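What follows is one structure encoded as structure tokens, with my remarks underneath.
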Amino acid sequence: MISRLAEGDHEAFRILVERFRRKVISTSMGFIHSEADAEDIAQDVFLEVFSSIKKFRSGSSLSTWIYRITVNKSLNHIRSSKRHKLISLFESFAGDEDKPSAEPASGSEYCPDDGLKKSDQAKALEQAMNRLAPNQKTAFVLSRYDDLSYEEIADVMKTSVPAVESLIFRAKQNLQKSLLAYYSNNFK
Amino acid sequence: MKKNRKMKCKEINDMLIFYADNSLPKEQRKEVEYHLSQCRECSSFHEFLKDALGHIDKEKEFESDPFIYSRILAAKTGKADNSGSRVISVLPRLAAAAVIAAAVAGGALVGRLYSSSPADLNTLMSEETKLLDDIKQEPLESFLLTLNEQ
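For the protein sequence lines, the chains are A and B, in the order given. Each residue of the first sequence is one higher than the last, beginning at 1 in the working numbering. Each residue of the second sequence is one higher than the last, beginning at 1 in the working numbering.
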């Protein structure tokens, strides 16, 4: 398939997209938490794959290579959206103080069955994951969103299995702290 | 007693994410389960944690656009068309840089044309302006002192 892709075979490219579409989008969602942005990143990933396939070395697997591109594109997207957020922060000083706050009322008890509270969970998770260091987030996403084994994650991240175990352990500890802080601030 | 209970809750909370992920050893699982059955606060946080982590499964299940291949093809074709216009898009930036450089050079030239030597300036100054200049050279503190004395 790689040789067909290198020759610019569109059918081979279509098969590749179908085979890896879900994995790429699932990985991007773990970083971005936005369906529209995850699809945009997936588009960029496959375009990159198609244009760079000749540089692909058969030493590693195609899926490892695609995961690496996906992780890099996702992290770059986060960096560039942080820059945009800084700009809008400056703009907000120019007077958008009238915008209603999206924070839930503090002191309310957490009711798991209350449909209105569902966005709190998504928000809490997103905030907690955004606080993770890039390598911890990468290891956690590849483990939890893509169900990759520690060996596969080590391959993608070009590191060792013990390093991956340590990254995932610390990621979970930090997620725990962030989620507890969110819960304490909003529901206690 | 209260302090012990708070410490116990803290210990349990630190383990909850590993409990939710089924990655705790058996003995610790039993310990957490017993505590959750006795402590309403920790039990409530555990529910919140489970639901937050459960959101990951929802994100994983997101049904992406089945026609994404068509979008990619369209983007690929669009990129090929735009590659020639890259040079054109750089031109406005180059023009802006040239204008700024010309303005700086022009300003420096004008400054040189109108600048005079210190000796020439002194002859042009009136007595009043000379006095004002003296004030500028006088330290502020002594100026304020003389003002107070008056």
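In this text, a Cβ means the ideal position worked out from N, Cα and C, and glycines have one as well. If you're wondering where the values come from, they're calculated on a predicted model, not measured in any experiment.
Between residue i and residue j, is the Cβ-Cβ spacing less than 8 Å?
i	j	result
Leu125(A)	Ala52(B)	yes
Arg14(A)	Tyr69(B)	yes
Lys54(A)	Ala6(A)	yes
Lys82(A)	Ile41(A)	no
Gln176(A)	Leu16(B)	yes
Ile153(A)	Ala171(A)	no
Leu132(A)	Asn174(A)	yes
Leu142(A)	Val156(A)	yes
Val24(A)	Thr64(A)	no
Val45(A)	Ile32(A)	no
Phe62(B)	Glu35(A)	yes
Leu49(B)	Leu179(A)	yes
Ile2(A)	Phe56(A)	yes
Phe45(B)	Tyr183(A)	yes
Lys60(B)	Ser52(A)	no
Gln43(A)	Ile72(B)	yes
So which residues on chain A does residue i lean against when the C-beta distance must stay under 7 Å?
i	result
Phe45(B)	Leu180, Tyr183
Leu49(B)	Leu179
Using a cut-off of 8 Å between C-beta atoms, extract the partners of residue i located in chain B.
i	result
Met29(A)	Glu59, Lys60, Phe62
Tyr145(A)	Ile56, Glu59, Lys60
Glu190(A)	For residue 190(A) there is no data in the structure shown, the boundaries of chain A being 1 and 188.
Ser26(A)	Glu59, Lys60, Phe62
Gln121(A)	Phe48, Asp51, Ala52, Gly54, His55
Ala124(A)	Phe48, Ala52
Arg14(A)	Tyr69
Got a sec, what are the start and stop residues for the alpha helix (DSSP H) residue i sits in?
i	result
Ala7(A)	What sits at residue 7(A) in the sequence shown is Glu, not Ala. Counting along the chain, Glu7(A) falls outside any alpha helix (DSSP H), and DSSP gives it neither H nor E.
Ala163(A)	161-187
Tyr150(A)	150-157
Arg131(A)	Unbroken run through Arg131(A): none, as it is neither H nor E.
Ile53(A)	Ile53(A) -> no alpha helix (DSSP H), and no H or E assigned at all.
Taking the C-alpha atoms as reference points, what is the distance between residue i and residue j?
i	j	result
Asp146(A)	Gly8(A)	28 Å
Lys137(A)	Gly78(B)	33 Å
Glu165(A)	Asn22(B)	15 Å
Ser80(A)	Ile100(B)	28 Å
Ala74(B)	Leu167(A)	39 Å
Gly106(B)	His77(A)	42 Å
Val151(B)	Ile12(B)	Outside the displayed span of chain B (1 to 150) sits residue 151(B), for which this structure offers no information.
Phe20(A)	Asn135(A)	23 Å
Lys123(A)	Leu89(A)	19 Å
Ser60(A)	Gly30(A)	23 Å
Arg29(B)	Cys9(B)	14 Å
Val104(B)	Ile87(A)	28 Å
Ala98(B)	Leu113(B)	22 Å
Lys85(A)	Ala38(A)	18 Å
Phe169(A)	Asp120(A)	24 Å
Ser106(A)	Lys6(B)	Residue confidence is low: Ser106(A) scores 43 on pLDDT, short of 50, so the model does not pin down where it sits. Its coordinate-derived value is still stated next. So the alpha carbons of these two residues sit roughly 22 Å apart.
Ser28(A)	Ser64(B)	12 Å
Gly54(B)	Lys76(B)	36 Å
Ser192(A)	Arg68(A)	An answer regarding residue 192(A) cannot be provided, because it is not within the stretch 1 to 188 covered by chain A.
What does residue i reach in chain B if we use C-beta pairs closer than 9 Å?
i	result
Gln43(A)	Ile68, Arg71, Ile72, Ala75
Lys172(A)	Ile17, Phe18, Asp21, Ser23
Glu39(A)	Ser64, Asp65, Ile68, Arg71
Val71(A)	Result: empty, since nearest Cβ-Cβ is about 16 Å, beyond 9 Å.
Leu167(A)	Here the premise fails: no neighbours, minimum Cβ distance about 15 Å.
Leu47(A)	Ile72, Ala75, Lys76, Lys79
Along chain A, which residues have their Cβ under 9 Å away from the Cβ of residue i?
i	result
Asn22(B)	Here the premise fails: no neighbours, minimum Cβ distance about 12 Å.
Can you pull the chain B neighbours of residue i, defined as C-beta to C-beta under 7 Å?
i	result
Gln176(A)	Asp14, Leu16, Ile17
Arg21(A)	Ser64, Ile68
Ranges of the alpha helix (DSSP H) found wholly within the segment 3-39 of chain B, counting only runs of at least 4: 26-38
Sequence ranges, alpha helix (DSSP H) only - wholly within the segment 47-85 of chain B, length at least 4: 68-82
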